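Enquirer: One structure coming up, written as structure tokens, with questions to follow.
2 protein chains.
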Amino acid sequence: MRSDVLESTILGILQSEPTHGYDLRQQLASILGPFRALSYGSLYPCLKRMERAGLISRRDDSLPVTPARRSKIVYELTPAGTEHFAGWIGTQTPSDWEDEGFAAKMAFFSRTEAKLRLRILEGRRTRLEQRLSDLGDSIDITSKRVDTYTDLLQRHGLDGARREVSWIEELISTERTSHPSIPPALRSTT
Amino acid sequence: MRSDVLESTILGILQSEPTHGYDLRQQLASILGPFRALSYGSLYPCLKRMERAGLISRRDDSLPVTPARRSKIVYELTPAGTEHFAGWIGTQTPSDWEDEGFAAKMAFFSRTEAKLRLRILEGRRTRLEQRLSDLGDSIDITSKRVDTYTDLLQRHGLDGARREVSWIEELISTERTSHPSIPPALRSTT
DNA sequence: GTTAGCATGTAAGGAGTTACATGATTTT
DNA sequence: AAAATCATGTAACTCCTTACATGCTAAC
Chain U
5 MRSDVLESTI LGILQSEPTH GYDLRQQLAS ILGPFRALSY GSLYPCLKRM ERAGLISRRD
65 DSLPVTPARR SKIVYELTPA GTEHFAGWIG TQTPSDWEDE GFAAKMAFFS RTEAKLRLRI
125 LEGRRTRLEQ RLSDLGDSID ITSKRVDTYT DLLQRHGLDG ARREVSWIEE LISTERTSHP
185 SIPPALRSTT
Chain S
5 MRSDVLESTI LGILQSEPTH GYDLRQQLAS ILGPFRALSY GSLYPCLKRM ERAGLISRRD
65 DSLPVTPARR SKIVYELTPA GTEHFAGWIG TQTPSDWEDE GFAAKMAFFS RTEAKLRLRI
125 LEGRRTRLEQ RLSDLGDSID ITSKRVDTYT DLLQRHGLDG ARREVSWIEE LISTERTSHP
185 SIPPALRSTT
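Protein chains in written order, with my numbering: chain U, 5 to 194; chain S, 5 to 194.
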């Protein structure tokens with residue numbers, strides 16, 4: 005995962021409420037999928053970097069909300085962190101086409117403007133279509149080699165890519181129909 | 005990709021015919037999918053390591069098969085390399101459960117014994133089922149957080165995981181039916 | 001009272017990318 | 001003759017994992 009994507013995702017989680025590292029990892033895993041979950045050996049140094057960069061700060065929680073004071077370090081957003089997240093969520097970046105960048109952006113879509121949401125989805129679709137055609141080329145190359153299993157593997161990959169594209173297309177059409185403010189003329193420009 | 009998986013895959017490709025680095029990369033991409041394709045900055049050092057380890061050797065092709073001698077370096081298997089590949093293809097290792105390890109093994113399945121093939125497929129299925137249940141747990145955790153988009157993302161991930169499992173199950177049942185030597189009693193032990 | 005899970009961290013090392021550097025061959 | 005593609009390689013850098021080290025708290 006690109007470090008800016010990770011940082012922005014952390015900032016996004018912290019925007020809901022101050023959180024400590026261990027818990028942050030669970031949420032990260034549940035948003036991005038348990039696979040891309042990173043290890044603590046990756047997360048804690050990242051939090052330290054972000055603190056040094058002034059994006060987050062350790063919260064001095066003397067609140068007796070949780071009975072006993074533990075050795076938890078609760079992080080919260082600084083104004084700079086809030087601003088950084090607003091910048092990320094309000095713009096389109098190349099990493100938005102990629103798997104993880106896209107997942108991270110989409111997880112916070114309810115805080116994204118409808119127009120930008122659509123643009124990001126369309127960018128993602130373009131990326132997936134390109135991937136689909138690459139996959140097709142690659143299968144053509146191998147087609148001479150008539151190994152049954154290699155073939156099955158490749159077909160499965162192709163299916164997955166196609167499924168990905170149609171999922172995105174459903175999302176796009178849902179976005180368009182639930183925002184009828186967009187003139188119908190634009191809808192066919194796809 | 006774990007380096008032993010990469011090395012074994014390279015050995016597997018070289019078993020068909022001696023190949024040079026550039027071409028090896030295309031074949032690697034077409035077998036494993038164009039995504040997991042690695043860069044030359046990764047491949048060439050790996051070939052050098054393998055040469056030093058005695059698994060492959062540079063071929064002195066004075067053969068005038070291709071008209072002009074170019075600056076190509078053609079690698080071929082050494083006896084040690086052949087043996088190494090035979091060991092890998094003939095055994096089950098933990099990396100066979102994982103995405104890349106499994107793809108690499110399956111790409112050479114036509115050179116794998118039917119029994120072992122089945123065991124590897126079943127191991128993969130177990131791994132995928134575990135992944136599926138992890139994903140279910142993770143969605144339960146997030147279910148309180150009723151964000152539409154996070155939800156869509158997670159459902160999509162779950163669908164993908166389920167699709168993966170049923171694909172593997174189809175493969176397994178095909179393996180079993182096309183090898184009726186296996187007593188029917190074993191088939192229900194699934 | 002001991003096991004399991006919560007919680008934070010560091011050091012070493014693995015794996016791969018990008019950018020750079022170079023040059024041959026084929027196509028337009 | 002220029003552009004594209006084939007072909008090999010290195011160095012710096014990024015990102016991440018594993019293994020280790022430590023200690024608290026809750027449940028059995």
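Each residue gets a CB set at the ideal place from its N, CA and C atoms; glycine is no exception.
Keep in mind it's a predicted model, so treat the numbers as computed, not measured.
For Asp174 of chain U, which option in S:Leu156, S:Arg40, S:Arg167 has the closest C-alpha, if you only look at C-alpha atoms?
Expert: Per the sequence presented here, residue 174 of chain U reads as Glu, with Asp not at that position. Residue S:Leu156 is the option with its Cα nearest to Glu174 of chain U.
Enquirer: Based on DSSP bridge pairs, tell me the residues matched to Tyr79 of chain U.
Expert: DSSP lists U:Thr23, U:Arg62 as partners of Tyr79 of chain U.
Enquirer: Round the Cβ separation of Gln30 of chain U and Leu81 of chain U to the nearest angstrom and send it over; I've been treating them as touching at under 8 Å.
Expert: The pair is not a contact, with the Cβ atoms about 19 Å apart (cut-off 8 Å).
Enquirer: Note down the Cα distance separating Ala108 of chain U from Val9 of chain U, rounded to an integer number of angstroms.
Expert: 7 Å
Enquirer: Could you check where the alpha helix (DSSP H) with Gln158 of chain U kicks off and where it finishes?
Expert: 152-181
Enquirer: Output needed for Arg121 of chain S: all residues of its chain with C-beta closer than 8 Å, excluding positions within five of it in sequence on either side, in chain order.
Expert: Phe113, Glu179
Enquirer: Cα separation between Ala72 of chain U and Gly85 of chain U?
Expert: Legend: pLDDT at Ala72 of chain U = 45, less than 50; position of this residue unreliable, no value from coordinates given.
Enquirer: Helix, strand or coil: how does DSSP classify Gly37 of chain S here?
Expert: coil
Enquirer: If we define contact as Cβ-Cβ less than 9 Å, is Asp100 of chain S a contact residue for chain U?
Expert: Not closer than 9 Å to any Cβ of chain U, the Cβ of Asp100 of chain S fails to qualify, so no.
Enquirer: Against Phe89 of chain S, what residues of chain U qualify as contacts under a CB-to-CB distance less than 9 Å, listed in chain order?
Expert: None at all; the shortest Cβ gap to chain U is about 16 Å.
Enquirer: Report the start-end ranges of each alpha helix (DSSP H) in the segment 79-105 of chain S that is 4 residues or longer and not cut off at the edges.
Expert: 83-93
Enquirer: Report yes or no: is there a C-beta of chain U within less than 9 Å of the C-beta of His160 of chain S?
Expert: yes
Enquirer: Using a 10 Å radius around the Cβ and a threshold of 16 neighbouring Cβ atoms, would you call Ala90 of chain U buried or exposed?
Expert: It is exposed - the Cβ of Ala90 of chain U has fewer than 16 other Cβ atoms within 10 Å.
Enquirer: If you measure beta-carbon to beta-carbon, which residues of the segment 104-123 of chain U are closer than 7 Å to chain S?
Expert: Ala107, Met110, Ala111, Phe113, Ser114
Enquirer: Are the C-beta of Thr152 of chain U and some C-beta of chain S separated by less than 9 Å?
Expert: The beta carbon of Thr152 of chain U falls within 9 Å of a beta carbon belonging to chain S, placing the residue at that interface.
Enquirer: Determine, using beta carbons only, whether Leu36 of chain S and Ile14 of chain S come nearer to each other than 9 Å.
Expert: no
Enquirer: If we define contact as Cβ-Cβ less than 9 Å, is Ser142 of chain U a contact residue for chain S?
Expert: yes
Enquirer: Could you check where the alpha helix (DSSP H) with Met54 of chain U kicks off and where it finishes?
Expert: Counting along the chain, the alpha helix (DSSP H) containing Met54 of chain U begins and ends at 44-56.
Enquirer: Would you kindly check if the distance between the Cβ of His88 of chain U and the Cβ of Glu21 of chain U is under 9 Å?
Expert: no
Enquirer: With distances taken Cα to Cα, identify the nearest neighbour of Ala41 of chain U among S:Leu139, S:Cys50, S:Trp171.
Expert: S:Leu139
Enquirer: I'd like to check one pair, Arg128 of chain U with Asp100 of chain U: are the Cβ atoms closer than 9 Å?
Expert: yes
Enquirer: So which residues of chain S does Asp138 of chain U contact, with C-beta pairs closer than 8 Å?
Expert: Within chain S, the C-beta atoms nearer than 8 Å to that of Asp138 of chain U come from Pro38, in chain order.
Enquirer: Under 9 Å, Cβ to Cβ, is there at least one residue of chain S near Ile35 of chain U?
Expert: Taking a beta-carbon distance threshold of 9 Å, Ile35 of chain U counts as an interface residue toward chain S.
Enquirer: Is Ser177 of chain U buried or exposed, if buried means 16 or more other CB atoms sit within 10 Å of its CB?
Expert: exposed
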